[in-house]
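Numbering of the sequence shown is given in this note's numbering, commencing with residue 20 and proceeding in unit increments. Below: the structure, in structure tokens.
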Amino acid sequence: MDASVVLVVADAADLGARAAARAAARARPDVDVRWVPGYAWDRTRWTHRVTSTGQASTRLVFPAGFGDPVADGDLALVWFRTTTSVPSALRTAAAADRDYASAEVQALTVSWLAALGARVVNAVTGDGPTGPTWSAIRWRAEARQAGLPVTDGVAATSARLVPGWSGSAWDARRPLDRTHDAVRRVLVAGRRAVGAADVAEARGCCALAEAARCRILSVGFDPGGGVVEAQPLAPVLSPDEIALAGTFLAEVA
């Protein structure tokens, strides 16, 4: 069977991603663009197998109303935009059991996404299902490597080591990582970007996304034009962002 399903898994409140999925479905009526909200994902049944050589294969059976079962070979693309949670059947279990179940579900999800390789919008690193879980410091370092201006933050193993810092005795012993707030965002989807100040900035953001193996990435800038953050779980809010994400899904599918 040809891969013909584009699976978008996101929180029910993620209206931008849902709108992008609808736009992709309109552009590609030959493709099954499947929106699965988080509450339905929690009730999805899995069959996940890993061979002795490390090859993984998965079959998903969704709750009623969310389409036919899907196997790995059916999938053209997966855009995973929700943090995994406790399966619905275990919501009333003891706290320790819920924590264990949540960790197991996350490991299962990451294993599944890793096995899909290039069919996942944002490559997983092993720590979470939505993309690289890099620190803010690493994102800024990677942004600098991509040719973007970066606003250096203040980082210390203890806040009390930072000249001029003030706060409680408890906070004084804690690590500190302080940067400016982002006031502007650039959204990258594939090889295009919206929100960039100029062509050079757009190219730099696309280079950062490529280095992170994130085909949809949000890059935040401070008032001076320096990168302060990047988010694989990118906000998709404006009409231009929705259109860009929808076009990307349709083209890649």
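C-beta: ideal position from N, C-alpha, C; glycine also.
Sub-8 Å separation of residue i and residue j beta-carbons
i	j	result
A230	A178	no
L276	V89	Nothing in the structure corresponds to residue 276, since the chain is present only between 20 and 272.
E260	G86	no
S130	S104	no
P106	D49	no
T176	R100	no
V202	P168	no
A43	V25	yes
A269	A59	no
V246	T170	yes
R234	V140	yes
L15	R138	Residue numbering for the chain in the displayed model covers 20 to 272; residue 15 lies beyond these limits and cannot be assessed.
L132	D91	no
Through-space distance from residue j to residue i, alpha-carbon basis
i	j	result
M20	A228	Caution is warranted here: a pLDDT of 44 is assigned to M20, below 50, making its placement in the model unreliable, and no coordinate value can be reported.
D217	T66	47 Å
T266	T70	36 Å
A39	Q74	32 Å
H199	A83	46 Å
G186	R192	10 Å
A211	A221	Reading the sequence as shown, one finds Arg at residue 211 and not Ala. Computed Cα separation, rounded: 8 Å.
R110	V271	37 Å
G244	R163	13 Å
F240	A215	10 Å
A155	G57	26 Å
W284	G223	Only positions 20 to 272 of the chain appear in this structure, which leaves residue 284 out of reach.
V28	R53	8 Å
A32	R41	15 Å
G183	V238	29 Å
A262	W153	27 Å
S257	A264	11 Å
A112	A226	45 Å
E123	G147	12 Å
T128	D190	35 Å
R37	A126	25 Å
R197	A188	18 Å
T102	F81	18 Å
W30	P151	In the sequence under discussion, the amino acid at residue 30 is Asp, which differs from the Trp named in the question. Looking at the two C-alpha atoms, the distance is approximately 19 Å.
Whole-Å CB distance - residue i paired with residue j, under 8 Å assumed
i	j	result
L236	A249	6 Å
L195	V173	7 Å
A142	R68	No, A142 and R68 are not in contact; Cβ-Cβ is about 22 Å, not under 8 Å.
S288	D51	With the chain running from 20 to 272 in the structure shown, residue 288 is simply not present.
Run through the segment 203-244 for me and flag every whole beta strand (DSSP E) of 3 or more residues, listed as ranges in chain order.
203-208, 211-213, 235-240
Cβ pair count under 8 Å reaching 3, the segment 200-207 against the segment 253-267
yes
Count the CB pairs spanning the segment 144-163 and the segment 111-122 that are closer than 8 Å, and state whether there are at least three.
no
What runs of the alpha helix (DSSP H), each 4 residues or longer, lie entirely inside the segment 165-204?
188-191
What residue ranges within the segment 25-113 form continuous beta strand (DSSP E) runs of no fewer than 3 residues, ordered along the chain?
51-56, 64-69, 75-80, 94-100
What residue ranges within the segment 112-136 form continuous alpha helix (DSSP H) runs of no fewer than 4 residues, ordered along the chain?
114-135
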